[in-house]
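**Q** First the structure, which I've put down as structure tokens, then a few questions once you've had a look.
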Amino acid sequence: MILNLHLAPFATVILNRRTTFTGFKTRFIQLRQSPLQFSRERASIISFSPAPLKTSTTDNFKATSTEEEEEEAVKTTEPSATPVRIVALVGENSVSPLKSSPWLDVMLHTAKRLKWVDEAYDMLVFSDGLLKSTDKTKENLHLGLRNADILLIVAVTNQESIEWVQANSVNVPSILCFESSPTLRNKLGGSIVETKSNGYIFSKLTAISQSKRKTESTKIVQSVSEAWDRHNSDDIRFSLLVVINACIRPVPILKNLRAKGFSTLNCMVKNCGPQILNCLLDPNCRKALQCLNKCSPVDQVCNYRCIASYESPCLEEFSLCVLQKNNCLELDAKIPEKPSVPPMIKFRGDNLSHETAEDLFVGWLGKLDWSWRVIAGQNPAYDQFPCQYQLFYRGKAKGSFWYEPIFRVRTLEGNLVWRRRKYRVRRGKVPATFHFSVLDNGVVSNEFWTIVDISDDFSWGLFHYHGAARVAGQSYTGAVLVSPDGMYPDETQRQRLFSALDRCDIKEWELFNVDNLSCPNPPLGLPEGSRLHSKIEPEDMKA
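So for the sequence shown, UniProt numbering puts the first residue at 1; every next one is plus one.
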């Protein structure tokens, strides 16, 4: 009966609130394989797209991790033998869609964020205004282009600049053009990729020829374009990583996302036959796979809406068996090292203890029905969803501490629904650092959280996290800005807030503002026997 079931030929299977996994093929399901399959080594990778999910619990499986596993973060910045040289040329005084920040600032920050992935990724950033000068900066641009693997052109429309680029970039193997003149041409691995432009170079792409190489390069450009068009710092960096991985050499954080071939199929059939059958027979599980097939692998919003609309216990059991229990994709990811974010060390002039740090998390709970509300977040996969409430509390058992985020989402049918999940929280070695773990839709995620700062009057706070879903092969970072009412702190706190963001290597323009305007009847409340503050009482806070 299974063989007669017809599903869309491609589907993406859910991992957890930030992750989906993709990459293998069976007669029942073919997971979405990324088009990013063109490289000098002919290596293929599998794309991924974070997607938040409903928290779930499974009686016979608990989210557990060792502190050693969490703290042995993958060294994604270990230099490789082969450097990757990128030159970015930005239109003078051009403005980005990222809260109208200058493109020059965005690219300079991107250059820094590339170093978090691999120290051997060097990106030089120039404004095309320097082409009018005769100083050493223009000479540096010349030298950079001679050795460049990638030329990234952003918002360049000046005719003199266009002609200069065309004359001086002939030997650059890969050229990526965004929001620039249509007379500039894109190139991957030495091959030109033509486009049909409607004002942006990367849009409505068509290949010059139908050769396999040209077709694959066009698909790479399409995926890069879709990521870029999201206009957030994570996806801008991802766009460059895709090209590096496809045209130069494997990218460390993408190497775990390749299909394992028949070993994956054998693992699934041998260990998860009932779960596969149940998913295919379950209307919601089947609809989820079909819906996900229509999404771009980097379209996080699309993937999430499919999951929110059609999530089911069968889908959870499928990923629990295939991924968490049997690791059929043979993936492994660690919590990333960078950015290194220092925790706050004092509160109201006193050294911070573990007990007081936990109280800072508990926050307004007791005086209000929640600890904190999220104002804005940095992670594009999760932190921007509306109506985010945080509940931090001590459990009934001695030494236990828990975190429950509650947030709202809109389904494909247009319904607004609430979601809630539950994390176990353990103290880190240093006060104001914590280890979080959750079994989320069948997959364990481990996260390392840092309290970066909280104002003395509890009017706002900033929390940073590094995380990984090991068997999903994915790691991530993010941060949330919080307050008691979900509103930004006043101007008197602005300098302190910016200083806290700087310690996270986050720019204010990277944050997604959370919609807190309409949040009726959130499913709040605590388990019976929960305890709140230990050192700080709610009455110590200012309303």
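The beta carbon of each residue, even a glycine, is placed where N, CA and C say it ideally should be.
(1) Put E119 into one of helix, strand or coil per three-state DSSP.
(2) Which residue or residues does DSSP assign as beta-bridge partners of N446?
(3) Just to check my reading of the structure: V172 and L151 have Cβ atoms closer than 8 Å, yes? What is that Cβ distance to the nearest angstrom?
(4) From the DSSP output, in three-state form, read off I220 for me.
(5) Mind checking which residues open and close the beta strand (DSSP E) that includes G478?
(6) Can you grab the Cα-Cα spacing for the pair N379 / I162, in whole Å?
(7) Exposed or buried, what is E358 when buried is set at 16 or more other beta-carbons lying within 10 Å of its beta-carbon?
(8) Considering Cα atoms alone, identify which of H464, Q275 and R470 is closest to V443.
(9) With DSSP as the reference, label L526 as helix, strand or coil.
(10) Which same chain residues end up closer than 7 Å to R427 when comparing Cβ atoms and leaving out the 5 residues on each side of it in sequence?
(11) Take the Cβ of S312 as the centre, count every other Cβ of all protein chains shown within 10 Å, and call the residue buried at 16 or more, exposed below.
(12) For C177, report the span of its alpha helix (DSSP H) as first-last.
(13) Suppose the cutoff is 7 Å on Cβ atoms and the five residues either side in sequence are ignored; what does the same chain contact list for L145 look like?
(14) When you compare only the Cα positions, how much space is there between N266 and L323?
(15) Identify every run of the beta strand (DSSP E) within the segment 379 to 443, keeping only runs that are complete inside it and at least 3 residues long; order them along the chain.
(16) Would you list the one or two residues that DSSP bridges to D149?
(17) Less than 6 Å between C-beta atoms, sequence neighbours within five positions excluded: which residues of the same chain meet that for H466?
(18) Taking the straight line between their C-alpha atoms, what separation do you get for H142 and F392?
(19) Indicate whether the contact test is met: 3 or more Cβ pairs, each with one atom in the segment 388 to 404 and one in the segment 272 to 292, closer than 8 Å.
(20) Can you tell me the Cβ-Cβ gap for W228 and D234, rounded? I've got them flagged as a contact below 8 Å.
(21) Counting C-beta neighbours from all protein chains within 10 Å, is the total for M487 16 or more, i.e. buried, or is it exposed?
(22) Verify whether the separation of the beta carbon atoms of R409 and A308 is less than 7 Å.
(23) Measure the Cβ-Cβ separation of I454 and L517 and say whether it is below 7 Å.
(24) Give the DSSP bridge partners of A88, in chain order.
(25) Would you decide whether Q388 is buried or exposed? Buried here means 16 or more other CB atoms lie within 10 Å of its CB.
(26) Give the range of the alpha helix (DSSP H) segment to which N271 is assigned.
(27) Under 7 Å between the Cβ atoms of G91 and D135?
(28) Let me confirm a value: E537 is counted as buried when at least 16 other C-beta atoms fall within 10 Å, else exposed. Which label applies?
(29) For A155, collect the residues of the same chain with a Cβ closer than 7 Å to its Cβ; drop the 5 residues on either side in sequence, then sort them by chain order.
(30) Consult DSSP for R18 and reduce its assignment to one of helix, strand or coil.
(31) With distances taken from CA atoms, which of R503, N158 and L511 is nearest S340?
(32) How far does the alpha helix (DSSP H) with S161 in it extend, from its first residue to its last?
(33) Could you check where the alpha helix (DSSP H) with N245 kicks off and where it finishes?
(34) From the DSSP output, read off the bridge partner residues of K346.
**A** Taking the definition as stated:
(1) Three-state result, E119: coil.
(2) N446 has S437 and A468 as its beta-bridge partners, per DSSP.
(3) About 5 Å separates the two Cβ atoms, so the contact holds.
(4) DSSP places I220 within a helical segment (H, G or I) once states are collapsed to three.
(5) Where G478 is concerned, the enclosing beta strand (DSSP E) stretches over Q474 to S483.
(6) Going by the C-alpha atoms only, they are around 35 Å apart.
(7) Label assigned to E358: buried.
(8) With distances taken between Cα atoms, V443 lies closest to R470.
(9) Coil, per DSSP.
(10) In the same chain as R427, and ignoring 5 residues on each side of it, the C-beta atoms closer than 7 Å to its own belong to H354 and F434, in chain order.
(11) Within a 10 Å sphere around the beta-carbon of S312 sit 16 or more other beta-carbons, which makes this residue buried.
(12) Counting along the chain, C177 falls outside any alpha helix (DSSP H), though it belongs to the beta strand (DSSP E) covering S174 to F178.
(13) Cβ neighbours of L145 beyond the five flanking positions: V87, L151, N168, S169 and V172.
(14) About 13 Å.
(15) Runs of the beta strand (DSSP E) lying entirely within the segment 379 to 443, each at least 3 residues long, are 389 to 394, 401 to 410, 416 to 420, 423 to 427 and 433 to 440 in chain order.
(16) According to DSSP, which records beta bridges pairwise, D149 is partnered with nothing at all.
(17) Exclusion of the five residues before and after H466 leaves I335, P336, F448 and T477 as the residues of its chain whose Cβ lies within less than 6 Å of its Cβ.
(18) Approximately 55 Å, taken between the alpha carbons.
(19) Flag = no, the segment 388 to 404 and the segment 272 to 292 do not touch.
(20) Going by Cβ atoms, the distance from W228 to D234 rounds to 11 Å, so no, they are not a contact pair.
(21) Classification of M487: exposed, given that the 10 Å Cβ count is below 16.
(22) The amino acid at residue 409 is misidentified as Arg; the sequence shows Val. Remark: C-beta atoms of V409 and A308 approach each other more closely than 7 Å.
(23) No. Outside cutoff.
(24) A88 is bridged to V125 and L152.
(25) Here Q388 is buried. Its C-beta has 16 or more other C-beta atoms within 10 Å.
(26) Note, N271: alpha helix (DSSP H), F262 to L281.
(27) For the 7 Å CB-CB criterion, G91 and D135 do not form a contact.
(28) A residue is called buried when at least 16 other Cβ atoms come within 10 angstroms of its Cβ; E537 does not meet this threshold and is exposed.
(29) V90, G91, S94, W103, E179 and S180.
(30) Note that R18 scores a pLDDT of 47, beneath 50, so its modelled location is shaky; the value from the coordinates is reported in the next line. Correct three-state label for R18: coil.
(31) Ranking the options by Cα distance to S340, first place goes to R503.
(32) S161 -> alpha helix (DSSP H) spans Q159 to N168.
(33) Where N245 is concerned, the enclosing alpha helix (DSSP H) starts and stops at S233 to C247.
(34) Beta-bridge pairing links K346 to N351.
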